[in-house]
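Peer 1: Just so you know, the protein sequences line up as chains A and B, in that order. Each step along the first sequence adds one to the number in our numbering, with nothing skipped, and position 4 is 4. Each step along the second sequence adds one to the number in our numbering, with nothing skipped, and position 62 is 167.
There are 2 protein chains.
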Amino acid sequence: MVLHHPAPEQFRLENVLTALGNPTRLAALRVLADCRQHPCGVVLQGYSKSTLTHHWRVLREAGVIWQEPAGREVLLRLRRDDLEARFPGLLDSVLNAAAADAEPA
Amino acid sequence: MVLHHPAPEQFRLENVLTALGNPTRLAALRVLADCRQHPCGVVLQGYSKSTLTHHWRVLREAGVIWQEPAGREVLLRLRRDDLEARFPGLLDSVLNAAAADAEPA
DNA sequence: GGGATTGTACGAGAACAGTCGTACAGAACG
DNA sequence: CGTTCTGTACGACTGTTCTCGTACAATCCC
């Protein structure tokens, strides 16, 4: 189990936008927006474990989340500070947009 | 030639992020950031005409650009106001991030 | 009208993304 | 030590995306 996390200077905007340009991962982002730690299994419902692993990898390799093993769980946490340093304002505007998008038009 | 453009209330965040989560289309966005009209053929180099048509369709159907026939050309223009109304701050932070991403680390 | 220009439409192929099931690894708990 | 729990690894399948070439439509210009 390797769990490679890119350094902030390695973040690529296209990877971040691709990672967030998916309704499943966008839903996960809204859960993780509190910047607290959440076990992998409690963030999203309705998917197999292997599907969730796939989505966490996409988010992790883009630099969006941190994955830290803790006992037999793996805790997820939003990399808000690193994202803010690299792409100022981006995360907040995406979170605001996600909230706007979720409202009834 | 139909050129369907969604109304702002039909914009979906996931479509916008997916449209911009591609280096080719991100490069186009930076060219279009001046909010002036550009013929399809002058915005990007190195692609076939049919590839460009594909990318313009992705951007148009996400609500990112407007495509307006003008003589034998089709002019592209960024839908900055509509995007700003629907997802405030998003476009500017993506453009800033694209500039940051393009700098030498 | 005939030719050149600009771009779309369509079909094809290669690569990638999203999903799952099964198998496995590591930690916790009896 | 064996079982359970949490999550990863891998392989498979399906559908989508990206790219191109060819064909076509519309416009402009001679």
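Virtual Cβ for every residue (Gly too), placed ideally from N, Cα, C.
Output the distance between the C-alpha atoms of A/ALA85 and A/LEU91, rounded to the nearest integer angstrom.
Peer 2: On the first sequence, residue 85 of chain A is found 85 positions in, with the first residue counted as 1. On the first sequence, residue 91 of chain A is found 91 positions in, with the first residue counted as 1. C-alpha separation (whole angstroms): 11 Å.
Peer 1: Starting from A/SER93, find everything on chain B with Cβ-Cβ shorter than 9 Å and list it in chain order.
Peer 2: In the first sequence, residue 93 of chain A corresponds to position 93, counting from 1. Result: PHE192, PRO193, GLY194, LEU195, LEU196, ASP197, SER198 and VAL199.
Peer 1: Roughly how many angstroms lie between the CA atoms of A/LEU29 and A/LEU52, to the nearest whole one?
Peer 2: The count along the first sequence starts at 1 and reaches residue 29 of chain A at position 29. The count along the first sequence starts at 1 and reaches residue 52 of chain A at position 52. Each residue's Cα considered, the two are about 13 Å apart.
Peer 1: Among the residues of its own chain, which have a CB less than 7 Å from the CB of A/ARG79, if the five just before and after it don't count?
Peer 2: Taking the first sequence and counting its residues from 1, the one referred to as residue 79 of chain A is at position 79. Once the five neighbours on either side are set aside, the close Cβ partners of A/ARG79 are GLY63, VAL64, ILE65 and TRP66.
Peer 1: What's the gap between the Cα of A/ASP101 and the Cα of B/PRO193?
Peer 2: As a working mapping, residue 101 of chain A is identified with position 101 in the first sequence. As a working mapping, residue 193 of chain B is identified with position 88 in the second sequence. So the two alpha carbons sit approximately 11 Å from each other.
Peer 1: Looking only at DSSP bridge pairs, what is A/TRP56 linked to?
Peer 2: For the purposes of this step, residue 56 of chain A is identified with residue 56 of the first sequence, where counting begins at 1. In DSSP, A/TRP56 forms no bridge with anything.
Peer 1: Thinking C-alpha only, which one of A/ALA97, A/ASP82 and A/VAL74 is nearest A/GLU9?
Peer 2: Taking the first residue of the first sequence as position 1, residue 9 of chain A is located at position 9. Taking only the C-alpha atoms, the option nearest A/GLU9 is A/ASP82.
Peer 1: Let me confirm a value: A/VAL16 is counted as buried when at least 16 other C-beta atoms fall within 10 Å, else exposed. Which label applies?
Peer 2: Locating residue 16 of chain A in the first sequence gives position 16, counting from the first residue. Counting Cβ neighbours within 10 Å, A/VAL16 comes out buried, since at least 16 surround it.
Peer 1: Using the three-state DSSP reduction, which class does A/VAL74 fall into: helix, strand or coil?
Peer 2: Here residue 74 of chain A refers to the residue found at position 74 when the first sequence is read from its first residue. DSSP places A/VAL74 in strand when its eight states are reduced to three.
Peer 1: Once DSSP output is grouped into helix, strand and coil, what is the label at A/GLN45?
Peer 2: One-based indexing of the first sequence puts residue 45 of chain A at position 45. DSSP places A/GLN45 in coil when its eight states are reduced to three.
Peer 1: Run through the DSSP bridge pairs and tell me what A/HIS38 is partnered with.
Peer 2: Here residue 38 of chain A refers to the residue found at position 38 when the first sequence is read from its first residue. DSSP lists A/LEU76 as partners of A/HIS38.
Peer 1: Which same chain residues end up closer than 6 Å to A/LEU3 when comparing Cβ atoms and leaving out the 5 residues on each side of it in sequence?
Peer 2: In the first sequence, the residue the question calls residue 3 of chain A occupies position 3. Contacts found: GLN67.
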